[in-house]
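Have a look at the structure below before the remarks.
There are 2 protein chains.
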Amino acid sequence: MDLPALVADLRARKVPAIARAISLVENARPGFEELLSGLHPTLGRARRIGITGPPGAGKSTLTEQLVRAYRAQGLTVAVVAVDPTSPFTGGALLGDRIRMESVALDPGVYIRSMATRGSLGGLATTTREVCDVLDAAGFDRVLVETVGVGQSELDVARTADTTVLVLVPESGDGIQTLKSGVMEIGDLFVVNKADRPGADRLRHELEVTLAIRAGNAFRHVRAHHGRPVDAQAPLEADGKTPEVLATIAAKGDGVAELVAALDRHWEALVRGGALAGRRKERLRQRTREVVERAARQWIWQETGAEQVIGERLDDIADGRLSPYDVAAEVLEALKQGVRT
Amino acid sequence: MDLPALVADLRARKVPAIARAISLVENARPGFEELLSGLHPTLGRARRIGITGPPGAGKSTLTEQLVRAYRAQGLTVAVVAVDPTSPFTGGALLGDRIRMESVALDPGVYIRSMATRGSLGGLATTTREVCDVLDAAGFDRVLVETVGVGQSELDVARTADTTVLVLVPESGDGIQTLKSGVMEIGDLFVVNKADRPGADRLRHELEVTLAIRAGNAFRHVRAHHGRPVDAQAPLEADGKTPEVLATIAAKGDGVAELVAALDRHWEALVRGGALAGRRKERLRQRTREVVERAARQWIWQETGAEQVIGERLDDIADGRLSPYDVAAEVLEALKQGVRT
Numbered sequence: 001m002d003l004p005a006l007v008a009d010l011r012a013r014k015v016p017a018i019a020r021a022i023s024l025v026e027n028a029r030p031g032f033e034e035l036l037s038g039l040h041p042t043l044g045r046a047r048r049i050g051i052t053g054p055p056g057a058g059k060s061t062l063t064e065q066l067v068r069a070y071r072a073q074g075l076t077v078a079v080v081a082v083d084p085t086s087p088f089t090g091g092a093l094l095g096d097r098i099r100m101e102s103v104a105l106d107p108g109v110y111i112r113s114m115a116t117r118g119s120l121g122g123l124a125t126t127t128r129e130v131c132d133v134l135d136a137a138g139f140d141r142v143l144v145e146t147v148g149v150g151q152s153e154l155d156v157a158r159t160a161d162t163t164v165l166v167l168v169p170e171s172g173d174g175i176q177t178l179k180s181g182v183m184e185i186g187d188l189f190v191v192n193k194a195d196r197p198g199a200d201r202l203r204h205e206l207e208v209t210l211a212i213r214a215g216n217a218f219r220h221v222r223a224h225h226g227r228p229v230d231a232q233a234p235l236e237a238d239g240k241t242p243e244v245l246a247t248i249a250a251k252g253d254g255v256a257e258l259v260a261a262l263d264r265h266w267e268a269l270v271r272g273g274a275l276a277g278r279r280k281e282r283l284r285q286r287t288r289e290v291v292e293r294a295a296r297q298w299i300w301q302e303t304g305a306e307q308v309i310g311e312r313l314d315d316i317a318d319g320r321l322s323p324y325d326v327a328a329e330v331l332e333a334l335k336q337g338v339r340t
Numbered sequence: 001m002d003l004p005a006l007v008a009d010l011r012a013r014k015v016p017a018i019a020r021a022i023s024l025v026e027n028a029r030p031g032f033e034e035l036l037s038g039l040h041p042t043l044g045r046a047r048r049i050g051i052t053g054p055p056g057a058g059k060s061t062l063t064e065q066l067v068r069a070y071r072a073q074g075l076t077v078a079v080v081a082v083d084p085t086s087p088f089t090g091g092a093l094l095g096d097r098i099r100m101e102s103v104a105l106d107p108g109v110y111i112r113s114m115a116t117r118g119s120l121g122g123l124a125t126t127t128r129e130v131c132d133v134l135d136a137a138g139f140d141r142v143l144v145e146t147v148g149v150g151q152s153e154l155d156v157a158r159t160a161d162t163t164v165l166v167l168v169p170e171s172g173d174g175i176q177t178l179k180s181g182v183m184e185i186g187d188l189f190v191v192n193k194a195d196r197p198g199a200d201r202l203r204h205e206l207e208v209t210l211a212i213r214a215g216n217a218f219r220h221v222r223a224h225h226g227r228p229v230d231a232q233a234p235l236e237a238d239g240k241t242p243e244v245l246a247t248i249a250a251k252g253d254g255v256a257e258l259v260a261a262l263d264r265h266w267e268a269l270v271r272g273g274a275l276a277g278r279r280k281e282r283l284r285q286r287t288r289e290v291v292e293r294a295a296r297q298w299i300w301q302e303t304g305a306e307q308v309i310g311e312r313l314d315d316i317a318d319g320r321l322s323p324y325d326v327a328a329e330v331l332e333a334l335k336q337g338v339r340t
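In the order they appear, the protein sequences are chains A and B.
Counting from 1, one number per residue, gives the positions in the first sequence under this note's numbering.
Counting from 1, one number per residue, gives the positions in the second sequence under this note's numbering.
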């Protein structure tokens with residue numbers, strides 16, 4: 001593979017090069033780590049925005065509206081859509097995924113669906129690496145849209161600089177049912193389908209809960225009356241009191257306000273210094289993930305671990321040794337340093 | 001923790017001991033590997049049956065019917081139900097899970113739901129370990145019911161001695177849409193809701209596909225005419241030509257036939273020697289998983305890897321080093337043997 005040529009074409013935002021680089025990364029094919037390592041110094045230009053929420057919250061529609069709004073500002077946009085697909089039907093498991101038809105043919109837009117089959121390094125790691133490719137390709141905004149069905153999808157959402165949690169009035173019995181940890185990942189909350197019954201109540205509940213969490217009732221009262229929280233306030237710069245917005249994505253209502261709120265959140269992140277800290281923490285996590293992936297490859301491809309297990313397998317099957325005994329033996333050998 | 005007492009109570013099938021042992025395993029709390037290692041020599045008595053299929057296929061109802069049928073034979077049954085739950089609603093994401101009310105109070109039945117939050121060793125590994133606990137507790141049958149939404153759930157289904165794939169006429173546009181690898185995990189196929197339109201066609205499609213896969217058209221023709229394939233034939237002993245059954249689980253129709261087919265599959269596995277090979281392969285896989293889990297613990301808790309990443313983090317953030325550079329450095333240190 002001609003890596004320098006690929007990188008040059010990628011930086012020129014040539015679509016075949018983007019597709020090829022993503023495939024390389026998604027399938028962890030030889031050279032993918034060299035590619036990513038080479039791209040690393042130039043990353044950080046794109047603003048990464050995560051959009052997550054339960055099935056049926058209208059995330060795809062909202063994402064499409066965001067793409068159009070950014071395009072209207074002359075910005076280029078990449079979308080990474082992560083939906084679990086059913087092994088039984090081949091289709092999206094939960095989604096009414098609209099293929100973003102109104103923006104799909106725009107050369108300033110790149111849309112990529114990610115398979116959720118367990119990749120070597122895990123879905124969240126691979127998604128982050130795909131976002132790196134898109135960042136390197138010069139897109140101004142990288143939107144990661146994911147249906148929040150489980151821990152791994154929430155981890156995906158957490159890859160962003162700003163994470164938008166999209167809820168709808170019918171999401172469930174208010175926010176009491178949100179699992180612990182879900183509220184914490186939202187930097188911005190959107191109540192979509194805001195013309196439906198219960199939307200105001202959901203919005204109010206969110207504002208109360210967020211205000212209580214921030215320990216600042218006064219701030220809550222202001223937010224509840226519809227004025228955005230002062231972006232210069234230290235609490236907001238920490239992302240501690242996220243804004244709650246109302247949208248009707250299907251009509252485009254509230255999208256301009258969401259774009260403005262995303263800009264405010266970004267500026268607060270930058271000004272408060274939180275962006276650098278946040279990105280650093282994510283690079284720490286990324287490095288840990290790459291270590292784990294590399295360690296797995298080392299253990300199974302370069303050490304005698306596989307062979308040791310094979311030799312002990314009869315004893316394991318007969319009950320003379322347990323899998324835990326043999327794993328301890330293998331690990332002891334690893335600890336002593338396996339010379340290859 | 002008094003491990004011998006726990007093991008003794010577990011073997012006596014005392015419910016608090018079962019629950020405690022499963023919690024220990026599910027949360028990977030101190031002592032869980034000693035417990036599992038101690039149980040290992042006595043495992044293998046229970047027949048493990050996996051039941052999987054798309055959302056809405058009626059797996060829970062079918063499982064409940066199987067439990068009742070086995071209880072009627074005087075056998076004890078444990079059920080491990082693995083369903084993804086939504087982080088947004090707290091409820092089952094896809095399921096109309098019936099809580100198996102008709103059997104839940106029977107002391108010969110133990111039902112356990114598994115959380116699908118990523119556990120330390122992964123869902124599939126933990127589920128296998130929970131099945132070990134139930135096997136050690138002396139249950140005659142361990143049913144693992146899981147909705148097949150992704151790779152990890154299919155991995156769960158693969159933990160069993162016999163895996164039943166449950167489909168319904170409305171599962172999708174025939175079996176063309178089944179992802180590669182899905183057909184392969186089924187030892188028995190059930191077309192549930194067999195009174196609905198399209199059931200005969202789905203059954204026929206399954207039989208043709210399975211026969212083609214087995215490269216045996218003659219065998220297919222026989223199966224298609226409703227007679228079960230001869231259990232003594234070598235192909236079936238290999239699990240190469242799975243039976244296709246029709247059920248209406250809600251009415252109990254076809255359940256006795258399913259129980260008989262499960263017995264036939266078991267006997268063919270035992271007689272053909274495939275059971276030992278299959279269980280050995282699973283023990284190999286298990287040992288690999290335990291090695292990976294132990295390696296992760298070693299890397300992050302016993303070596304200086306975390307500290308190295310911390311020291312390099314500024315360089316990573318500034319672009320002087322990439323996560324891949326630092327991961328390579330950490331791995332090199334691991335390979336040299338880290339003395340602690």
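Quick reminder that beta carbons are idealized off the backbone N, C-alpha and C, glycines included.
Keep in mind the model is a prediction, meaning the values are calculated, not measured.
query                                                                                                                                                                             : result
Please check the pair Leu167/B and Ala78/B, which I expect to be a contact at CB under 8 angstroms, by giving their CB distance rounded to whole angstroms.                       : The pair is not a contact, with the Cβ atoms about 25 angstroms apart (cut-off 8 angstroms).
What would DSSP say about Leu105/A, mapped onto helix, strand or coil?                                                                                                            : coil
With a threshold of 8 angstroms between beta carbons, is His40/A in contact with chain B?                                                                                         : yes
Please list, in chain order, the residues of the segment 281-295 of chain B that have any C-beta partner in chain A closer than 7 angstroms.                                      : Leu283, Arg284, Arg286, Thr287, Arg288, Val290, Val291, Glu292, Ala294, Ala295
So what's Val362/A in DSSP terms, helix, strand or just coil?                                                                                                                     : Lying before the first or after the last residue shown, residue 362/A is absent from chain A, which here runs from 1 to 340.
Which residues in the same chain as Thr42/A place their Cβ atom closer than 7 angstroms to its Cβ, once the five residues preceding and following it in sequence are excluded?    : Ala136
With which residues is Glu243/B paired in a DSSP beta bridge?                                                                                                                     : Leu188/B
For Ile51/B versus Leu143/B, is the C-beta spacing smaller than 8 angstroms?                                                                                                      : yes
Looking at the unbroken alpha helix (DSSP H) that takes in Ile316/B, where does it start and where does it end?                                                                   : 305-318
Check the DSSP bridge columns for Thr52/B and list the partner residues they point to.                                                                                            : Thr146/B, Leu165/B
Could you tell me the distance, in whole angstroms, from the CA atom of Gly252/B to the CA atom of Lys193/B?                                                                      : 11 angstroms
Of all the options Arg279/B, Ala81/B, Pro16/B, which has the alpha carbon lying nearest to the alpha carbon of Ser113/B?                                                          : Ala81/B
What does a CB cutoff of less than 6 angstroms around Gly337/B pick up in its chain, not counting 5 residues either side in sequence?                                             : none
Which residues bound the beta strand (DSSP E) around Val270/A?                                                                                                                    : No beta strand (DSSP E) holds Val270/A; the alpha helix (DSSP H) holding it covers 255-272.
Between Gly118/A and the rest of its own chain, which residues show a CB-CB distance below 8 angstroms, the 5 nearest in sequence each way excluded?                              : In this prediction, Gly118/A scores a pLDDT of 49, lower than 50, which makes its location untrustworthy; no coordinate-derived value is stated.
Please report the distance separating the alpha-carbon of Ala17/A from that of His40/A.                                                                                           : 17 angstroms
Relative to the C-alpha of Tyr110/B, which residue among Leu123/B, Thr126/B, Thr76/B, Glu129/B is closest?                                                                        : Thr76/B
Closer than 8 angstroms by beta-carbon distance: list the chain B residues that pair up with Ala317/A, in chain order.                                                            : Ala276, Arg279, Lys280, Leu283
Between the alpha carbons of Leu188/A and Pro54/A, how many angstroms are there, rounded?                                                                                         : 15 angstroms
Measuring straight from C-alpha to C-alpha, what distance separates Arg213/A and Leu24/B?                                                                                         : 32 angstroms
How is the beta strand (DSSP E) around Val77/A delimited, first residue to last?                                                                                                  : 77-82
Compare the Cα-Cα distances from Gly186/B to each of His204/B, Gln307/B, Pro197/B, Thr159/B and report the closest residue.                                                       : Thr159/B
According to the neighbour-count rule (16 or more other Cβ atoms, all chains shown, within 10 Å of its Cβ), is Asp318/B buried or exposed?                                        : exposed
For Ser102/B, count neighbouring Cβ atoms within 10 angstroms of its own Cβ and tell me buried if that reaches 16, exposed if not.                                                : exposed
Can you list, in chain order, the residues of its chain with a C-beta nearer than 7 angstroms to that of Asp9/B? Leave out the 5 residues immediately preceding and following it. : Ala17
Quick one, are the C-beta atoms of Ala46/A and Arg128/A less than 8 angstroms apart?                                                                                              : no
Assuming Thr287/B and Ala327/A are in contact, meaning their beta carbons sit under 8 angstroms apart, how far apart are those beta carbons, in whole angstroms?                  : 6 angstroms
In the structure shown, what three-state DSSP assignment does Met183/A receive?                                                                                                   : helix
Counting Cβ pairs closer than 8 angstroms, one from the segment 296-303 of chain A and one from the segment 260-280 of chain B, do we hit at least three?                         : no
Since Val291/A and Leu331/B should fall inside the 8 angstroms C-beta cutoff, what is the C-beta to C-beta distance between them, to a whole number of angstroms?                 : 7 angstroms
Where do the ends of the alpha helix (DSSP H) carrying Phe139/B lie?                                                                                                              : Run containing Phe139/B: none; DSSP gives neither H nor E here.
Quick one: what's Met114/B bridged to in DSSP?                                                                                                                                    : Val82/B
Among the candidates Ala199/A, Pro323/A, Leu178/A, whose CA atom is the shortest distance from the CA of Arg293/B?                                                                : Pro323/A
Looking at the structure shown, is Arg158/A part of a helix, part of a strand, or coil, going by DSSP?                                                                            : coil
Excluding the 5 residues flanking Leu275/B on each side, which residues of the same chain have their C-beta closer than 7 angstroms to its C-beta?                                : Asp161, Leu269
Do Arg11/A and Leu108/A have their beta-carbon atoms positioned less than 8 angstroms apart in this structure?                                                                    : Strictly speaking, residue 108/A in this sequence is Gly, with Leu absent from that position. Contact: no.
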